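>
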Amino acid sequence: MSSIKQSVTVIGLGPMGQAMAATFLDRGYAVTLWNRTASRADALVARGAVLAPSVEEALAANEVVILSLTDYAAMYDVLEPAATALAGRVLVNLSSDTPERARAAARWAAERGAVQLTGGITVPPSGVGQSASSTFYSGPREVFDKHRPVLEVVTGRTDYRGEDPGLAALFYQIGMVMFWTSMLSYWQAIALAHANGLTATDVLQHATDTANSLPGFFTFYAERIDAGKHLGDVDRLAMGMASVEHVLHTNADAGVDTALPTAVADLVRRGMDAGHAADSFSSLVELMKKAEA
Numbered sequence: 001m002s003s004i005k006q007s008v009t010v011i012g013l014g015p016m017g018q019a020m021a022a023t024f025l026d027r028g029y030a031v032t033l034w035n036r037t038a039s040r041a042d043a044l045v046a047r048g049a050v051l052a053p054s055v056e057e058a059l060a061a062n063e064v065v066i067l068s069l070t071d072y073a074a075m076y077d078v079l080e081p082a083a084t085a086l087a088g089r090v091l092v093n094l095s096s097d098t099p100e101r102a103r104a105a106a107r108w109a110a111e112r113g114a115v116q117l118t119g120g121i122t123v124p125p126s127g128v129g130q131s132a133s134s135t136f137y138s139g140p141r142e143v144f145d146k147h148r149p150v151l152e153v154v155t156g157r158t159d160y161r162g163e164d165p166g167l168a169a170l171f172y173q174i175g176m177v178m179f180w181t182s183m184l185s186y187w188q189a190i191a192l193a194h195a196n197g198l199t200a201t202d203v204l205q206h207a208t209d210t211a212n213s214l215p216g217f218f219t220f221y222a223e224r225i226d227a228g229k230h231l232g233d234v235d236r237l238a239m240g241m242a243s244v245e246h247v248l249h250t251n252a253d254a255g256v257d258t259a260l261p262t263a264v265a266d267l268v269r270r271g272m273d274a275g276h277a278a279d280s281f282s283s284l285v286e287l288m289k290k291a292e293a
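Take the sequence shown: its position 275, counted from the start at 1, is 275 in the numbering used here, and no numbers get skipped.
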């Protein structure tokens with residue numbers, strides 16, 4: 001007795017899309033592909049994938065369609081001309097964009113008879129297919145449950161966040177807020193090290209130890225922030241102001257770019273001006289919650 005081979009369509013063959021398509025092939029899936037630059041599919045086709053000649057045919061090939069595009073604007077560019085082929089499709093939209101745009105795209109898909117599962121992959125292409133890697137998902141629960149085996153091919157862990165199609169994008173962007181800011185701080189540290197005759201390797205262990213200390217701070221402050229308590233019993237913003245100014249002056253003295261430490265000092269100074277000098281530096285959260293008039 002022969003079994004039905006599982007199948008999936010992947011639209012978008014940047015590094016992430018290629019990694020996903022390759023992983024599906026590794027797991028025995030029949031894979032249909034489409035990409036603006038068709039030659040990007042060559043290696044995957046050589047392994048058995050099928051390159052659809054049009055978006056319509058790529059959509060028609062399978063119920064589950066993985067979208068790996070730059071953003072949702074690219075999704076509309078690709079799918080709108082083929083909108084009549086969307087009915088009955090499950091669009092697993094792993095393109096990066098804002099929560100509001102994810103919600104709008106889910107409505108757009110529904111109006112054309114499709115269902116969107118919003119996804120936010122938390123790993124680079126090298127992490128695709130790994131059991132420890134994770135992806136946030138949100139959208140209709142029954143659709144997520146039905147297609148979970150397919151989603152678990154992309155990453156072993158599937159973190160469902162609810163029916164709201166914007167939630168997966170929100171959790172993804174929360175991670176990106178921390179990633180980009182943290183990595184910029186690392187580049188700043190390396191620039192400062194280089195200006196003083198040290199290499200990135202020289203400061204690597206110190207940088208790693210500093211980064212590894214952060215979860216303890218996250219845990220300590222989370223409960224206090226949720227309770228709205230910014231007591232100055234452990235730290236005070238005034239002391240933080242002195243520290244960030246020392247950081248700024250150290251970078252300036254070394255002749256390296258000071259845009260990032262200046263931005264940090266400006267934010268702390270705003271907290272001081274708002275009357276939080278004697279409060280914890282976690283009080284900056286309240287300042288950051290509100291847009292300036």
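Using N, Cα and C, we set each Cβ at its ideal position, and we do this for glycine too.
Only a predicted model underlies this, so the values are computations on that prediction, with no experimental measurement involved.
Given this structure, state the Cα-to-Cα distance separating Ala46 from Asp164, to the nearest angstrom.
Along the sequence shown, read from residue 1 onward, the residue named residue 46 stands at position 46. Along the sequence shown, read from residue 1 onward, the residue named residue 164 stands at position 164. Each residue's Cα considered, the two are about 39 Å apart.
> Quick check: what's the CA-CA separation for Thr135 versus Ser7?
What you label residue 135 is simply residue 135 of the sequence shown in a count that begins at 1. What you label residue 7 is simply residue 7 of the sequence shown in a count that begins at 1. So the two alpha carbons sit approximately 20 Å from each other.
> Among Thr122, Gly255 and Val143, which residue has its Cα nearest to the Cα of Gly175?
The residue labelled residue 175 in the question sits at position 175 within the sequence shown. Answer by Cα proximity: Thr122.
> So for Ser96, helix, strand or coil by DSSP?
By 1-based counting over the sequence shown, the position of residue 96 is 96. It is coil, neither helix nor strand.
> If you reduce the DSSP assignment to three classes, tell me which class Gln130 lands in.
The sequence position of residue 130 within the sequence shown is 130, counting from 1. Residue state, collapsed to three classes: coil.
> Using only alpha-carbon positions, find the residue among Thr158, Glu152, Ala87 and Leu94 that is nearest to Ile11.
Taking the sequence shown and counting its residues from 1, the one referred to as residue 11 is at position 11. Minimum Cα distance to Ile11 is reached at Leu94.
> So within the stretch 117 to 181, which uninterrupted alpha helix (DSSP H) runs reach at least 4 residues, ignoring any that extend past its ends?
Correct list: 141 to 146 and 148 to 154.
> Indicate the three-state DSSP secondary structure (helix, strand or coil) for Val268 in the structure shown.
Looking up residue 268 in the sequence shown gives position 268. The answer is helix: DSSP assigns Val268 an H, G or I state.
> With Asp26 and Gly129 assumed to form a contact (beta carbons below 8 Å), what rounded beta-carbon distance in angstroms separates them?
The residue labelled residue 26 in the question sits at position 26 within the sequence shown. The residue labelled residue 129 in the question sits at position 129 within the sequence shown. Correct: roughly 7 Å between the Cβ atoms.
> Tell me, please, whether the stretch 89 to 109 touches the stretch 37 to 51 by the rule of three or more beta-carbon pairs shorter than 8 Å.
Result no; under three Cβ-Cβ pairs closer than 8 Å.
> Please report how far the alpha carbon of Leu237 lies from the alpha carbon of Val154, in whole angstroms.
Mapped onto the sequence shown, residue 237 falls at position 237. Mapped onto the sequence shown, residue 154 falls at position 154. About 44 Å.
> DSSP three-state call for Ser243: helix, strand or coil?
Reading the sequence shown from its first residue, position 243 is the one you call residue 243. Ser243: helix per DSSP, three-state reduction.
> Here's the rule I'm using: 16 or more other beta-carbon atoms within 10 Å means buried, otherwise exposed. How should Gln18 be labelled?
Start at 1 with the first residue of the sequence shown, and residue 18 comes out as number 18. Buried: at least 16 other Cβ atoms inside 10 Å.
> Note down, in chain order, each residue of its chain lying with its Cβ closer than 7 Å to the Cβ of Val78, except the 5 sequence neighbours on either side.
In the sequence shown, counting from the first residue as 1, residue 78 sits at position 78. Same-chain partners within the cutoff: Ile11, Val55 and Leu69.
> So, at 8 Å on beta carbons, what are the nonlocal neighbours of Met75 in its own chain, with the 5 sequence-adjacent residues on each side left out?
Mapped onto the sequence shown, residue 75 falls at position 75. Answer for Met75: Leu67, Leu69, Asn93, Ser95 and Ala105, listed in chain order.
> Which whole-angstrom value is the C-beta distance of Leu91 and Val115, which I expect to be below 8 Å?
The residue labelled residue 91 in the question sits at position 91 within the sequence shown. The residue labelled residue 115 in the question sits at position 115 within the sequence shown. That belief holds up - the Cβ atoms of Leu91 and Val115 are roughly 7 Å apart, short of 8 Å.
> Can you give me the Cβ contacts of Met1 inside the same chain, cut-off strictly under 7 Å, excluding the 5 residues immediately before and after it?
As a first step, residue 1 is located in the sequence shown; it is residue number 1 there, counting from the start. Note that Met1 scores 40 on pLDDT, short of 50, meaning its location in the model is unreliable; the coordinates nonetheless yield the value given after this. Taken in chain order, the list of residues that qualify is empty.
> By DSSP, does Leu44 sit in helix, in strand, or in coil?
Sequence index remark: in the sequence shown, residue 44 carries index 44 (1-based). Of the three classes helix, strand and coil, the one that applies to Leu44 here is helix, per DSSP.
> So who's on the other strand from Ile190, going by DSSP bridges?
By one-based count along the sequence shown, residue 190 stands at place 190. For Ile190, which the question treats as bridged, DSSP gives no partner whatsoever.
> Thinking C-beta only, is Val256 closer than 8 Å to Ala211?
Locating residue 211 in the sequence shown gives position 211, counting from the first residue. Locating residue 256 in the sequence shown gives position 256, counting from the first residue. No; because the gap between Cβ atoms is not below 8 Å, this pair is not in contact.
> So, is Ala293 buried or exposed, given that buried needs 16 or more other C-beta atoms within 10 angstroms?
Locating residue 293 in the sequence shown gives position 293, counting from the first residue. Note on Ala293: pLDDT 48, under 50, position unreliable in the model; the coordinate value appears next. It counts as exposed.
> Under the three-state reduction of DSSP, which class applies to Ala30: helix, strand or coil?
Residue 30 sits at position 30 when you count from the first residue of the sequence shown. Correct three-state label for Ala30: strand.
> Could you give the distance in angstroms between the alpha-carbon of Glu245 and the alpha-carbon of Ala277?
On the sequence shown, position 245 is the one that residue 245 refers to. On the sequence shown, position 277 is the one that residue 277 refers to. Glu245 and Ala277: Cα-Cα distance of roughly 15 Å.
> Answer yes or no: do Val31 and His147 have a C-beta to C-beta separation smaller than 8 Å?
For the purposes of this step, residue 31 is identified with residue 31 of the sequence shown, where counting begins at 1. For the purposes of this step, residue 147 is identified with residue 147 of the sequence shown, where counting begins at 1. No; because the gap between Cβ atoms is not below 8 Å, this pair is not in contact.
> Going by beta carbon distance, what residues of the same chain come within less than 6 Å of Met16, once the five residues before and after it are set aside?
Residue 16 sits at position 16 when you count from the first residue of the sequence shown. Closer than 6 Å at the Cβ level, and outside the excluded window around Met16, lie Ser68 and Pro125.
> Between Trp34 and the rest of its own chain, which residues show a CB-CB distance below 6 Å, the 5 nearest in sequence each way excluded?
On the sequence shown, residue 34 is found 34 positions in, with the first residue counted as 1. Cβ within range, chain order: Ile11, Ala52, Val55 and Ala58.
> How would you write the range of the alpha helix (DSSP H) that Val78 sits in, first residue to last?
Taking the first residue of the sequence shown as position 1, residue 78 is located at position 78. Val78 -> alpha helix (DSSP H) spans Tyr72 to Leu79.
> Suppose you measure from the CA of Ala43 to the CA of Asp71; what does that come to, to the nearest Å?
On the sequence shown, position 43 is the one that residue 43 refers to. On the sequence shown, position 71 is the one that residue 71 refers to. Approximately 25 Å between the Cα atoms of the pair.
> Hey, would you say Asp202 sits closer than 8 Å to Gly232, going by beta carbons?
One-based indexing of the sequence shown puts residue 202 at position 202. One-based indexing of the sequence shown puts residue 232 at position 232. Contact: no.
> Please tell me whether Ser133 and Gly156 are closer than 8 Å, where the distance is taken between their beta carbons.
Position 133 of the sequence shown, counting from 1, holds the residue named residue 133. Position 156 of the sequence shown, counting from 1, holds the residue named residue 156. Contact flag set, yes.
> Is DSSP giving Thr219 helix, strand or coil here?
The count along the sequence shown starts at 1 and reaches residue 219 at position 219. Of the three classes helix, strand and coil, the one that applies to Thr219 here is helix, per DSSP.
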